[in-house]
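Reviewing the structure listed below.
Numbering (my numbering), first residue to last: 256 to 458.
Next up, the structure:
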């Protein structure tokens with residue numbers, strides 16, 4: 256089942272390939288957007304776009320690997336599937352080094368192409384989910400009081416309440432209260448999850 260808000264962005268300077276891919280994917284229910292060169296895609300790209308990219312590795316002007324590297328610099332979250340009619344090991348290594356999701360040779364095996372696209376969609380959804388959790392976690396951390404942050408930092412280093420109390424000049428009972436409140440604000444119920452969310456504020 257193709258998710259409606261996901262798009263396959265096709266960047267290829269061969270109009271016959273663009274049209275064939277657009278037709279194939281459209282028939283299968285995928286939404287597509289076609290670009291004749293890397294420069295056009297970069298000019299149009301928006302960070303909120305979701306889906307994946309099919310990029311031809313050999314194009315006039317900006318080639319596929321150059322576009323891939325530029326998108327990496329821009330922190331584009333769209334997974335990239337590199338396509339080529341003249342694949343070789345060296346090109347594949349360069350593509351994967353620049354975090355390509357897959358590397359496919361023309362003529363395409365349609366099933367492999369669709370599988371690669373679906374895997375790219377899943378990869379992007381996972382990355383966006385992680386980013387959303389990070390944003391939400393940072394917002395929760397900002398809601399802590401200065402004292403709660405002090406208690407949290409000592410808890411995540413492995414110190415017990417009886418050690419934290421004299422370090423902060425407060426009673427053990429007060430430490431327990433602050434600890435309970437901060438864990439409630441962060442929505443965690445164990446120290447392992449507290450450590451995980453506390454690390455978001457150290458990036």
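Ideal Cβ positions, reconstructed from N, Cα and C, are used throughout, including at glycine. Model, not experiment: these values are computed from the prediction.
Leaving aside the five residues before and after residue i along the sequence, list all residues of the same chain whose C-beta is less than 6 Å from its C-beta, in chain order.
| i | result |
| --- | --- |
| residue 357 | 336, 371 |
| residue 392 | 452, 455 |
| residue 380 | none |
For residue i, name the three-state secondary structure that DSSP assigns.
| i | result |
| --- | --- |
| residue 256 | Confidence is the limiting factor: at residue 256 the pLDDT is only 44, short of 50, which leaves the residue's position unreliable and the question unanswerable from this model. |
| residue 372 | helix |
| residue 303 | coil |
| residue 313 | coil |
| residue 366 | helix |
| residue 444 | coil |
| residue 393 | helix |
| residue 419 | helix |
Between the options, which has its C-alpha nearest residue i's C-alpha?
| i | options | result |
| --- | --- | --- |
| residue 433 | 409, 303, 447 | 409 |
| residue 449 | 330, 406, 418, 428 | 406 |
| residue 333 | 324, 341, 340 | 324 |
| residue 364 | 414, 339, 345, 421 | 339 |
| residue 361 | 442, 313, 427, 378 | 313 |
What are the boundary residues of the alpha helix (DSSP H) that includes residue i?
| i | result |
| --- | --- |
| residue 282 | 270–282 |
| residue 288 | Segment 286–290 is the beta strand (DSSP E) holding residue 288; no alpha helix (DSSP H) there. |
| residue 359 | That residue, residue 359, is in no alpha helix (DSSP H); its beta strand (DSSP E) goes 357–360. |
| residue 406 | 401–410 |
Within its chain, find whatever has a CB closer than 7 Å to the CB of residue i; leave out the 5 residues flanking it on each side and keep chain order.
| i | result |
| --- | --- |
| residue 349 | 320 |
| residue 367 | 359 |
Please check the pair residue i and residue j, which I expect to be a contact at CB under 8 Å, by giving their CB distance rounded to whole angstroms.
| i | j | result |
| --- | --- | --- |
| residue 276 | residue 309 | 7 Å |
| residue 268 | residue 299 | That pair is no contact at about 16 Å. |
If I measure Cβ to Cβ from residue i and keep anything under 8 Å in the same chain, skipping five residues before and after, which residues do I get?
| i | result |
| --- | --- |
| residue 423 | 402, 405, 406, 409, 430 |
Over what stretch of residues does the beta strand (DSSP E) that includes residue i continue unbroken?
| i | result |
| --- | --- |
| residue 335 | 335–339 |
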